[in-house]
Amino acid sequence: MLDKIPLQRLIIGVLCIGLLPFFIVLLNFMSKQAGVDDLQSALTSVQEEAFIREKKQSVNMAVRNHYREADHFYIDKFLETITFLEPEVESLQKILSNTNYAEDEEAKKRLEFLTGSANSMSFVEGVVQTSPLFQETTETLAHLVEINITDLQHILTRIEGVEMGSYRTPQYRPQLIVLDFKLDKKELSGKNEVFMLNLKLLKREFL
């Protein structure tokens, strides 16, 4: 029967049968290599996630250490004690010290307003949320306050911890995050712009 098959076809058949184990081994190798590549990709992904997680933990630890000794009464000491519109206060004091204007009721009322609690920042504590690592408290201004640009620099220096102008940040500042900030121009008094400020903060204290 084999003598009826052309020699060329017979040779091709023998070669195919001989190469069949090689192709089987090759396919098996390629299949295993694909599995190895998938495993390598999975390991790389896990390593990247672990690196990102470790980096986040490192940043969180650095933040926690930075604010570890924060003053619980920082807002009371360093925000609620700021005096605003000092140039206008000094001007009114000079006017009222002059005997010709000592009885100026409008000037008296304005000075009392600027130097009293009506124009001082007073924060009302809101919701307190506690986690195993930190405690968060919302702090909202009880009423609007009148300020100028210099006062705004003073406030932001003490909130953000970024030095502006001649102002420096006090020690032991807690992490303060501005949740709401509204500034409306009230009037132009001489060369001084006066703004109405409304403010809401989140105070985060690490435990």
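For the sequence shown, the numbering used here gives the first residue as 1, with consecutive numbering after it.
Note that the Cβ used here is the ideal one computed from N, Cα and C, for glycine as well.
Where the beta strand (DSSP E) through residue i begins and ends
i, result
"Q171", "From DSSP, Q171 is part of no beta strand (DSSP E); its letter is neither H nor E."
"E88", "Per DSSP, E88 belongs to no beta strand (DSSP E); it is in the alpha helix (DSSP H), E86 to S97."
C-beta contact flag for residue i and residue j at 8 Å
i, j, result
"V127", "T138", "yes"
"F134", "E205", "yes"
"N98", "L144", "no"
"A107", "L114", "no"
Nearest-angstrom Cα separation, counted from residue j out to residue i
i, j, result
"T156", "T130", "Correcting the residue type first, residue 156 is Leu in the shown sequence and not Thr. Between L156 and T130, the C-alpha separation is close to 26 Å."
"L176", "N192", "29 Å"
"G165", "E86", "16 Å"
"I82", "A62", "30 Å"
"H66", "Y101", "52 Å"
"E104", "F195", "What sits at residue 104 in the sequence shown is Asp, not Glu. Between D104 and F195, the C-alpha separation is close to 24 Å."
"I75", "F84", "16 Å"
"A142", "V124", "6 Å"
"G161", "N148", "19 Å"
"Q277", "V89", "In this structure the chain extends from 1 to 207, so residue 277 is not present and cannot be described."
"R64", "E146", "34 Å"
"F73", "R173", "9 Å"
"Q93", "D71", "35 Å"
"M121", "K77", "11 Å"
"D151", "K203", "21 Å"
"K118", "L111", "The sequence shown places Ala at residue 118, not Lys. About 11 Å."
"L27", "P21", "10 Å"
"E136", "S91", "41 Å"
Contact set for residue i: own chain, Cβ-Cβ below 6 Å, skip 5 residues either direction
i, result
"K200", "T140, L179 and D180"
"K109", "none"
"P170", "F78"
"K185", "F195"
Extent of the continuous alpha helix (DSSP H) to which residue i belongs
i, result
"R68", "Counting along the chain, R68 falls outside any alpha helix (DSSP H), and DSSP gives it neither H nor E."
"L248", "The shown model of the chain, from 1 to 207, leaves out residue 248, and the question about it has no answer."
"T115", "E105 to T115"
Close beta carbons around residue i, own chain, < 8 Å, minus the five adjacent residues each side
i, result
"P132", "L207"
"I159", "L79, L176, V178 and L201"
"Y167", "Q153, H154, T157 and R158"
Spatial neighbours of residue i in its chain, beta-carbon cut-off 7 Å, leaving aside the 5 residues before and after
i, result
"E163", "T157 and T169"
"L183", "F195 and L197"
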